[in-house]
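**Student:** First residue of the sequence shown? That's 1 in full-length UniProt numbering, and the numbers climb one at a time after it.
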Amino acid sequence: MGSWGPSGFPILISLSPQAQQETQKAALRYERAVSMHNAAREMVFVAEQGVMADKNRLDPTWQEMLNHATCKVNEAEEERLRGEREHQRVTRLCQQAEARVQALQKTLRRAIGKSRPYFELKAQFSQILEEHKAKVTELEQQVAQAKTRYSVALRNLEQISEQIHARRRGGLPPHPLGPRRSSPVGAEAGPEDMEDGDSGIEGAEGAGLEEGSSLGPGPAPDTDTLSLLSLRTVASDLQKCDSVEHLRGLSDHVSLDGQELGTRSGGRRGSDGGARGGRHQRSVSL
1 MGSWGPSGFP ILISLSPQAQ QETQKAALRY ERAVSMHNAA REMVFVAEQG
51 VMADKNRLDP TWQEMLNHAT CKVNEAEEER LRGEREHQRV TRLCQQAEAR
101 VQALQKTLRR AIGKSRPYFE LKAQFSQILE EHKAKVTELE QQVAQAKTRY
151 SVALRNLEQI SEQIHARRRG GLPPHPLGPR RSSPVGAEAG PEDMEDGDSG
201 IEGAEGAGLE EGSSLGPGPA PDTDTLSLLS LRTVASDLQK CDSVEHLRGL
251 SDHVSLDGQE LGTRSGGRRG SDGGARGGRH QRSVSL
């Protein structure tokens, strides 16, 4: 007992539960051996009854069963004795460890009181460490799942990229588009519609200038000629319109405007008349 100092007291305390566990295991082995011994003795009793049933002749089957049961009884008896001795030995060690613990608790009471906070904190931090280990394991599993989802997303992106490159190599647009329709009359035009409108206006102006130059110097065109030119200009500007009725309404309105313009420009002659006639056509088209 004198060899166990304050530093060896925790080891002795940890050995005491181990000795108790060994004692419990030895007790279980002893109980199992006792059960096997009792079962083997019952088999011997049954075999003896079968052999003694017919006294005139000896049945070899019952004789073999009796021999086998006798061997089992002997083995179970040996196991029972071995378990009994082991149980006694472990019980004696457990009692000695408990006696040492009690003796050291009396002699090292001050040292135990001083070191108690350390061991209590050690137990708490050990529990916290186990919790952190469990949390780390859970986070590792989540990271593995996130990596799997990331790999799947990358493969999907690669497939989409390959499809886009294949369509480009085949001369097709990356995304198939439907039939393009022009914006309705009165809607705000986008950049492409503005370009189309400008080209239409320029074409109308060119046509008007050509018509004016073909007229040459001389008297100004009459009202029917101006109306015809105005209708041609409006028709060229409204090629993308969907409503035919709207086009007819515009043509009627433009024809009236053309008559007014013809009466105003009737008194002018020469090259000024041709050029101003082209400007009137442009105002009508706008």
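Just so it is clear, CB atoms sit at the ideal spot from N, CA and C, and this is done for glycine as well.
1) If you draw a straight line from the C-alpha of residue 70 to the C-alpha of residue 26, how long is it?
2) Run the CB neighbour count on residue 121, radius 10 Å, all protein chains shown included, and call it buried at 16 or more, exposed below.
3) Could you give the first and the last residue of the continuous alpha helix (DSSP H) run that contains residue 113?
4) Can you give the Cα-Cα distance for residue 160 and residue 171, rounded to whole angstroms?
5) Under 8 Å between the Cβ atoms of residue 80 and residue 33?
6) Thinking residue 90 and residue 19 are a contact (beta carbons under 8 Å), I'd like their distance in whole angstroms, please.
7) Return yes when the Cβ of residue 43 is within less than 8 Å of the Cβ of residue 72, no when it is not.
8) Just the C-alpha distance for residue 131 and residue 156, rounded to the nearest angstrom, thanks.
9) Give me the Cα-Cα distance between residue 76 and residue 46, rounded to the nearest whole angstrom.
10) Take residue 84 and list the residues in its own chain whose beta-carbon comes closer than 7 Å to its own, dropping the five residues that flank it on each side.
11) So, does the CB of residue 159 fall closer than 8 Å to a CB anywhere in chain B?
**Tutor:** According to the structure shown:
1) 25 Å
2) With fewer than 16 other Cβ atoms within 10 Å, it is exposed.
3) Counting along the chain, the alpha helix (DSSP H) containing residue 113 begins and ends at 109-169.
4) 17 Å
5) yes
6) 7 Å
7) Yes, the Cβ-Cβ distance between residue 72 and residue 43 is below 8 Å.
8) 38 Å
9) 17 Å
10) 30
11) The question asks about chain B, but that chain is absent: this structure has only one protein chain.
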